[in-house]
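Asker: Sequential numbering from 2 applies to the sequence shown in my numbering.
Glycine included, every Cβ here is placed at the ideal spot set by N, Cα and C.
Computed from a predicted structure; not experimentally measured.
Below you will find the structure I want to go over with you.
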Amino acid sequence: MGTGRVREALRARRDKKFGVKPGDYPIGPTSKSNAAKQLSTTAERLDRLQEALYASAFQSVLLVLQGMDTSGKGGTIRHACGLVNPQGLHIRSFKKPTKAELRHDFLWRIRKALPTPGMIGVFDRSHYEDVLIARVDSLVKPDVWEARYDQINSFEQELADSGVAIIKCFLHISPDEQRKRLIARLERPQKHWKYNPADLDARSKWDVYQAAYAEALARCDSDAAPWYVVPSDHKWYRNWAVSQLLLETLEEMDPQFPEPDFDVKEELKRVKALD
């Protein structure tokens with residue numbers, strides 16, 4: 002698959018329409034078995050690229066995962082991001098802001114969690130909560146969340162200019178699939194910990210949330226910080242798609258292993274001379 006094809010196929014549209022349906026296969030495998038085979042090859046390529054990224058410690062990657070409850074943010078981290086060495090991952094989950102965080106602007110806690118050079122940062126939810134739940138639940142006045150779109154765009158451009166490659170994924174699921182996943186969480190005791198009664202409150206506002214997501218994707222998609230709509234009704238497709246977005250981004254970055262700052266031949270002689 003040519004470099005950039007998955008990014009092109011899943012790139013968000015700016016007309017406030019998602020472009021793909023939650024159960025679609027717009028590109029790539031159409032079965033779980035084929036996706037598994039491709040993931041094996043992807044893992045090998047990601048491993049080399051991530052090692053070079055980590056070794057060079059020059060650029061970094063920020064993968065943002067957003068989606069309705071049960072869309073699979075945690076599963077994506079486990080199965081797609083899990084293809085790389087965890088030593089080079091920095092994962093941060095953003096919950097309800099603490100009192101200390103609320104004393105600062107909404108980007109303060111985000112800046113503190115950014116990946117350092119050489120790292121792949123993964124955000125389970127992100128600064129976009131401040132134009133999603135903050136808007137839907139009227140946590141701030143309309144003029145406040147309205148101003149945040151431009152603030153986010155400026156912030157993300159700043160990151161891109163400093164060497165951070167940004168990948169933003171909207172994990173797109175249907176209400177029917179969410180219902181199935183919520184039922185599964187309640188019917189399986191080992192999944193009870195994942196269930197939150199508040200999830201039903203958000204579900205009751207499904208259309209309002211979808212409109213808020215559509216607005217965020219339309220207004221905060223840019224070449225510096227692109228949004229991708231990932232069909233996520235099929236977990237295996239979601240995992241494949243996000244892994245490909247990560248792979249294509251790293252291939253474009255083309256990280257290189259640093260040149261040694263010592264004489265390799267001389268050091269080899271010294272090592273071979275050891276008792």
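May I ask you to report which of helix, strand or coil DSSP gives glutamine 67?
Answerer: If DSSP states are grouped into helix, strand and coil, glutamine 67 belongs with the strands.
Asker: Give me the DSSP bridge partner(s) of histidine 91.
Answerer: Paired residues: Gly122.
Asker: For the beta strand (DSSP E) containing proline 176, list its first residue and its last residue.
Answerer: Premise fails: proline 176 lies in the alpha helix (DSSP H), 176-188, not in any beta strand (DSSP E).
Asker: Going by the beta-carbon positions, is the gap between isoleucine 121 and glutamine 51 smaller than 8 Å?
Answerer: Yes, Cβ-Cβ distance for isoleucine 121 and glutamine 51 is below 8 Å.
Asker: Determine the closest residue to phenylalanine 19 out of Cys170, Arg104, Leu115, Thr77, with distance taken between C-alpha atoms.
Answerer: The shortest Cα separation from phenylalanine 19 among Cys170, Arg104, Leu115, Thr77 belongs to Cys170.
Asker: Tryptophan 228 and alanine 56: beta carbons closer than 8 Å?
Answerer: Cβ distance not < 8 Å, so tryptophan 228 and alanine 56 don't count as in contact.
Asker: Output yes or no for whether 8 Å exceeds the beta carbon distance between aspartate 125 and isoleucine 167.
Answerer: No, the pair does not count as a contact, with Cβ atoms beyond the cut-off.
Asker: Select from Asp138, Asp177, Pro198 the residue whose C-alpha is nearest the C-alpha of glycine 24.
Answerer: Minimum Cα distance to glycine 24 is reached at Asp177.
Asker: Give the straight-line distance between the Cα atoms of methionine 2 and glycine 68, rounded to the nearest whole angstrom.
Answerer: Confidence in methionine 2 is poor, its pLDDT being 48 and thus under 50, which makes the residue's placement unreliable; the coordinate value appears in the next sentence. Answer to the nearest angstrom: the Cα atoms are 27 Å apart.
Asker: Do you know offhand how far tyrosine 26's Cα is from glutamate 268's?
Answerer: Taking the straight line from one Cα to the other gives about 52 Å.
Asker: Quick check on phenylalanine 156: does DSSP put it in helix, strand or coil?
Answerer: Helix, per DSSP.
Asker: For arginine 271, count the other beta carbons within 10 Å of its own beta carbon; 16 or more makes it buried, fewer makes it exposed. Which is it?
Answerer: Arginine 271 comes out exposed.
Asker: Exposed or buried, what is valine 265 when buried is set at 16 or more other beta-carbons lying within 10 Å of its beta-carbon?
Answerer: Valine 265 is exposed by the Cβ-count criterion.
Asker: Using a 10 Å radius around the Cβ and a threshold of 16 neighbouring Cβ atoms, would you call aspartate 162 buried or exposed?
Answerer: Aspartate 162 should be labelled exposed.
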